[in-house]
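The block underneath contains the structure these notes are about, expressed in C-alpha cells.
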Amino acid sequence: MKNIGDIKPFEKKLYLSSPTMHGEELKYMTEAYETNWMSTVGANINTLEEEVAAYVGVKYAVALSCGTAALHLATKLAGEKLYGQARPEVGTLQGHKVFATDMTFDATINPIAYENGEAVFIDTEADTWNMNPDALEKAFDMYPDVKLVVVAHLYGTPAKMDKIKKICDAHGALIIEDAAESLGAEYKLDGAWVQTGSLGNYNCISFNGNKIITGSSGGMFLTDSKEDAEKVRKWSTQSREAAPWYQHEEIGYNYRMSNVIAGVVRGQFPYLGEHIAQKKAIYERYKEGFKGLPIRMNPFDEANSKPNFWLSCALIDEEAMSPMVRGDQDYLYTSEKGKTNPHELLEAIAMLNAEGRPIWKPMHLQPIYRSHKFVTARGNGRGQSNAYISSDSISDVGADIFRRGLCLPSDNKMTPDQQDAVIDVIKRCFE
Ligand SMILES: Cc1ncc(COP(=O)(O)O)c(C=O)c1O
C-alpha cells in the first residue's frame with residue numbers, strides 16, 4: 002500500500018450506509034406494543050401499505066418480511082402466470098430460462114433458482130451500470146422462448162426501462178422489477194416521470210438496514226393488480242383457505258411483515274425525500290472532489306432518470322489502474338506511482354475508520370452460477386476468448402466495472418469534513 006501520510010482515523014466508524022432514525026419510528030413501534038398488535042397484523046402494516054402504494058404510484062402494496070421474500074413471491078407468481086400451477090415440490094419455472102440483471106446482489110437472482118428456473122445473465126451497460134438493452138435484444142435472438150426478465154436498478158440508478166420494456170413487449174415477456182436499492186428514484190417513461198417500483202409487471206422494494214429508508218428489515222411487493230396482491234398476501238401468510246380449520250390448496254410461506262417493523266418504516270417514510278437529498282449532495286461532493294483525477298462517479302441517464310443516489314460509487318480510468326488480481330477469496334496488487342486500484346483505495350478508506358465496498362461481483366462470475374449462460378451486446382458471452390487471436394476491446398462490461406470500481410462511504414450522516422477526508426485519501430492514492 003502507498004504511504005499516504007498521517008491519517009487521523011474518525012473516532013466513530015463511518016459506514017457505507019447505516020440506518021438514520023428520526024424519532025417517529027419509536028412512536029409507531031410503541032403504538033404496536035401498547036395496542037398489543039405485536040403480530041403480522043395491525044394498523045402500521047395497513048397504513049404503510051397505503052402510503053407506499055400512493056407514493057410509488059401503484060394500486061396495491063403487500064408488506065413482507067424482506068425484499069428477497071418479495072422477489073421470491075414475484076418470481077413464483079410470474080412462473081405461475083406463464084407456465085401454470087406447479088406441484089408443491091416443484092418450482093413454477095422448472096425447465097424454463099429467465100433473463101436477469103448480471104451485476105447485482107444475489108437476492109435478485111436466487112428466487113429464479115428457488116422456483117427451479119435457469120437464470121441467463123444479461124451483461125451490464127457502461128451508461129447506467131444496469132442491464133444492457135442491446136444485450137437483452139441479443140438474448141431474445143438466442144433464446145426466443147424466454148418469457149420473463151428480472152431487472153434491478155443498481156445503487157439507486159434506474160435502468161433504461163423504456164428500451165427494456167419495448168423489447169419485452171415485442172417478445173411478450175413479463176418484467177420483475179427489483180427496486181430494492183432504488184426507492185424514490187424516478188424515470189421518464191413516454192415523457193412522464195414515474196417511480197421505480199412501478200415499472201414492471203411485478204415490483205419489489207426492500208427496507209433492509211442499509212437501504213435509503215429502513216425498518217431494520219422488511220420489503221414489499223407492489224402491483225396494480227388486485228388479484229396478484231391478494232395472491233401474494235395469501236402465499237405470504239401460509240396460504241390459508243376460507244375454512245374454519247387450517248386448509249391448504251397451495252404451498253405457503255411465512256413472509257409477512259411484522260407490525261413492529263412496519264412501525265419503523267412508517268416512521269421513516271416521511272424522511273425519504275430528505276435522505277435522497279442528503280445522498281445526492283454526497284454524490285455531488287465526490288464528483289466535485291474528484292475533478293482532475295482519473296476516476297469517475299457511477300453514471301446515470303441524466304435526461305431520463307433521477308436516481309435516489311443510495312450509494313456513491315467510482316470507476317478508476319483504465320490508464321490509472323495499477324496491477325491487481327483477485328482470487329475467489331483474496332486479492333493481490335502492486336502499488337505504482339500515479340496509479341491505484343479499488344483495493345488500495347478501500348484499504349486507505351479503512352485506515353480512516355470508514356467503510357467502502359467492492360462493486361457487486363457479476364453473477365456470471367460467481368462460483369454458484371459459473372455454468373449459467375451469459376449474454377453480452379455481442380452475443381454469447383461464454384467461450385469467447387481465444388489463445389491465438391487477440392481481442393481489442395472489452396466485451397464483458399460487468400467484469401470490467403467490478404475490476405475498476407468501488408462503492409464509497411455514502412452514509413447520509415457523513416459530515417462535509419469527513420467526506421473531504423475520504424476524498425483526500427483517495428487523491429493521495431493517485432500520487
Ligand atoms: C438489488 C437487491 N435486491 C434484493 C435485495 C434483498 O433485499 P432484502 O435484504 O430486504 O431481502 C437487496 C438488498 O438487500 C438488493 O440490494
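The numbering used here puts the first residue of the sequence shown at 2, with every later residue one more than the last.
Where is the CB? At the ideal position from N, CA and C, for every residue including glycine.
Computed from a predicted structure; not experimentally measured.
Cβ of Ser237 within 7 Å of any heavy atom in ligand 1?
-> Residue 237 sits at position 236 when you count from the first residue of the sequence shown. Ser237 Cβ: outside cutoff for every heavy atom of ligand 1.
Determine the direct distance from the alpha carbon of Ile168 to that of Asp418, and round the result to whole angstroms.
-> Your numbering for residue 418 matches position 417 in the sequence shown. Your numbering for residue 168 matches position 167 in the sequence shown. For Asp418 and Ile168, the distance between alpha carbons rounds to 46 Å.
Do the region 173–186 and the region 149–159 meet, that is, are 3 or more Cβ pairs less than 8 Å apart?
-> Result yes; three or more Cβ-Cβ pairs closer than 8 Å.
According to the Cβ coordinates, are Thr129 and Asp318 closer than 8 Å?
-> On the sequence shown, position 128 is the one that residue 129 refers to. On the sequence shown, position 317 is the one that residue 318 refers to. No; because the gap between Cβ atoms is not below 8 Å, this pair is not in contact.
Could you tell me if the beta carbon of Glu275 falls within a distance shorter than 7 Å of some heavy atom in ligand 1?
-> Residue mapping note: residue 275 aligns to position 274 of the sequence shown, counting from 1. Residue side-chain check: Glu275 keeps its Cβ at 7 Å or more from all non-hydrogen atoms of ligand 1.
In the DSSP assignment, find the beta strand (DSSP E) that holds Gln196 and state where it starts and stops.
-> For the purposes of this step, residue 196 is identified with residue 195 of the sequence shown, where counting begins at 1. It spans Ala193 to Gln196 - the beta strand (DSSP E) in which Gln196 sits, taken as one unbroken run.
Ile350 and Pro271 look like a contact to me (Cβ under 8 Å); what is the Cβ gap, rounded to whole Å?
-> The count along the sequence shown starts at 1 and reaches residue 350 at position 349. The count along the sequence shown starts at 1 and reaches residue 271 at position 270. With 8 Å as the limit, Ile350 and Pro271 do not qualify as a contact, their Cβ atoms being about 32 Å apart.
Name the residue from Ile296, Ala114, Glu126 and Ala75 whose alpha carbon lies nearest to the alpha carbon of Thr377.
-> The residue given as residue 377 occupies position 376 in the sequence shown. The shortest C-alpha to C-alpha distance from Thr377 to any of Ile296, Ala114, Glu126 and Ala75 is the one to Glu126.
Simplified DSSP state of Asp7, which is helix, strand or coil = Position 6 of the sequence shown, counting from 1, holds the residue named residue 7. Looking at Asp7 - three-state DSSP - the assignment turns out to be coil, as it is neither helix nor strand.
Cys430 and Glu345: beta carbons closer than 8 Å?
-> Looking up residue 430 in the sequence shown gives position 429. Looking up residue 345 in the sequence shown gives position 344. Contact: yes.
Is the closest heavy atom of ligand 1 to the C-beta of Ser336 under 7 Å?
-> Numbered from its first residue, the sequence shown carries residue 336 at position 335. No.
Where does Gln385 land, buried or exposed, given buried means 16+ other C-beta within 10 angstroms?
-> Reading the sequence shown from its first residue, position 384 is the one you call residue 385. By the Cβ-count criterion, Gln385 is exposed, with fewer than 16 other Cβ atoms from all chains shown falling within 10 Å of its own Cβ.
Where does Leu137 fall in DSSP's three states?
-> Counted from its first residue, the sequence shown places residue 137 at position 136. Residue state, collapsed to three classes: helix.
Could you name the residues that DSSP lists as bridge partners for Val151?
-> Against the sequence shown, residue 151 aligns to sequence position 150. Looking at the DSSP assignment, Val151 forms a beta bridge with Ala101 and Ile177.
Other residues of its chain near Val42: CB distance less than 8 Å, five sequence neighbours each side excluded | For the purposes of this step, residue 42 is identified with residue 41 of the sequence shown, where counting begins at 1. Cβ contact annotation for Val42 (same chain, cutoff 8 Å, sequence separation greater than five): Asn260, in chain order.
CB Gln279 to CB Asn387, shorter than 8 Å?
-> In the sequence shown, the residue the question calls residue 279 occupies position 278. In the sequence shown, the residue the question calls residue 387 occupies position 386. Between Gln279 and Asn387, the C-beta spacing is not below 8 Å.
Using the Cα positions of Glu289 and Cys314, report the straight-line distance between them to the nearest angstrom.
-> Taking the sequence shown and counting its residues from 1, one reaches residue 289 at position 288. Taking the sequence shown and counting its residues from 1, one reaches residue 314 at position 313. Cα to Cα, Glu289 sits roughly 14 Å from Cys314.
Counting Cβ pairs, one atom from each stretch, are 3 or more of them under 8 Å apart for the region 104–119 and the region 234–248?
-> Cβ pair count under 8 Å is below three, so no.
Comparing the CB of Leu72 with every heavy atom of ligand 1, is any distance shorter than 7 Å?
-> Residue 72 sits at position 71 when you count from the first residue of the sequence shown. Yes; taking the cut-off as 7 Å, the Cβ of Leu72 has a heavy atom of ligand 1 nearer than that.
If Leu366 sits next to Val423, beta carbons under 8 Å apart, how far is it from one beta carbon to the other, in whole angstroms?
-> Taking the first residue of the sequence shown as 1, we reach residue 366 at position 365. Taking the first residue of the sequence shown as 1, we reach residue 423 at position 422. Val423 and Leu366 do not touch by the CB rule: their CB atoms are close to 28 Å apart, not below 8 Å.
Where does Tyr144 sit, in a helix, a strand or coil, going by DSSP?
-> For the purposes of this step, residue 144 is identified with residue 143 of the sequence shown, where counting begins at 1. Tyr144: coil per DSSP, three-state reduction.
How big is the Cα-Cα spacing for Ile206 and Ile262?
-> Taking the sequence shown and counting its residues from 1, one reaches residue 206 at position 205. Taking the sequence shown and counting its residues from 1, one reaches residue 262 at position 261. Put simply, the backbone Cα of Ile206 is about 15 Å away from that of Ile262.
Using CA coordinates, which residue listed in Tyr29, Gly80, Met325 and Met104 is at the minimum distance from Glu119?
-> Along the sequence shown, read from residue 1 onward, the residue named residue 119 stands at position 118. Residue Gly80 is the option with its Cα nearest to Glu119.
Out of curiosity, what's the CA-to-CA distance linking Gly210 and Asn255?
-> Position 209 of the sequence shown, counted from the first residue, corresponds to residue 210. Position 254 of the sequence shown, counted from the first residue, corresponds to residue 255. Straight through space, the alpha carbons of Asn255 and Gly210 are spaced by roughly 20 Å.
Check whether the Cβ atoms of Met143 and Gly380 sit closer than 8 Å, and answer yes or no.
-> Translated into the one-based positions of the sequence shown, residue 143 becomes position 142. Translated into the one-based positions of the sequence shown, residue 380 becomes position 379. The Cβ atoms of Met143 and Gly380 lie closer than 8 Å to each other.
Using DSSP bridges, identify the partner residues of Thr48.
-> Within the sequence shown, numbered from 1, the residue matching residue 48 stands at position 47. None; Thr48 has no bridge partner.
Rounded distance between the beta-carbons of Gly157 and Leu312, thought under 8 Å | Translated into positions along the sequence shown, residue 312 becomes position 311. Translated into positions along the sequence shown, residue 157 becomes position 156. 7 Å between Cβ atoms; contact.
Hey, quick one: how far does the alpha helix (DSSP H) through Ile317 stretch, first residue to last?
-> The residue labelled residue 317 in the question sits at position 316 within the sequence shown. Segment Cys314 to Ile317 is the beta strand (DSSP E) holding Ile317; no alpha helix (DSSP H) there.
In the structure shown, what three-state DSSP assignment does Met162 receive?
-> Here the question's residue 162 lines up with position 161 in the sequence shown. Of the three classes helix, strand and coil, the one that applies to Met162 here is helix, per DSSP.
Excluding the five sequence neighbours on either side, which residues of its own chain have a C-beta within less than 7 Å of the C-beta of Ser57, listed in chain order?
-> Stepping through the sequence shown from its first residue, residue 57 is reached at position 56. Note on identity: in this sequence residue 57 is Val, with Ser being the wrong assignment. Counting only Cβ-Cβ distances below 7 Å, and skipping sequence neighbours, we find Gln196, Gly198, Ser199 and Leu223.
So does Asp421 have its beta carbon nearer than 7 Å to some heavy atom of ligand 1?
-> What you label residue 421 is simply residue 420 of the sequence shown in a count that begins at 1. Relative to ligand 1, the beta carbon of Asp421 is positioned no closer than 7 Å to any heavy atom.
Check whether the Cβ atoms of Ala70 and Gly216 lie closer than 8 Å to each other.
-> Here residue 70 refers to the residue found at position 69 of the sequence shown. Here residue 216 refers to the residue found at position 215 of the sequence shown. No.
Using only alpha-carbon positions, find the residue among Met415, Ser240 and Arg371 that is nearest to Pro89.
-> Reading the sequence shown from its first residue, position 88 is the one you call residue 89. Closest by alpha carbon: Ser240.
Cβ-Cβ separation, Lys212 to Leu184 (assumed contact under 8 Å), whole Å | Numbered from 1 along the sequence shown, position 183 holds the residue referred to as residue 184. Numbered from 1 along the sequence shown, position 211 holds the residue referred to as residue 212. Confirmed, Cβ separation roughly 7 Å.
First and last residue of the alpha helix (DSSP H) that includes Gly264?
-> The residue you call residue 264 lines up with position 263 of the sequence shown. That run of the alpha helix (DSSP H) goes Asn260 to Gln269.
Test item: CB-CB of Val99 and Asn117 under 8 Å = Sequence index remark: in the sequence shown, residue 99 carries index 98 (1-based). Sequence index remark: in the sequence shown, residue 117 carries index 116 (1-based). Contact: no.
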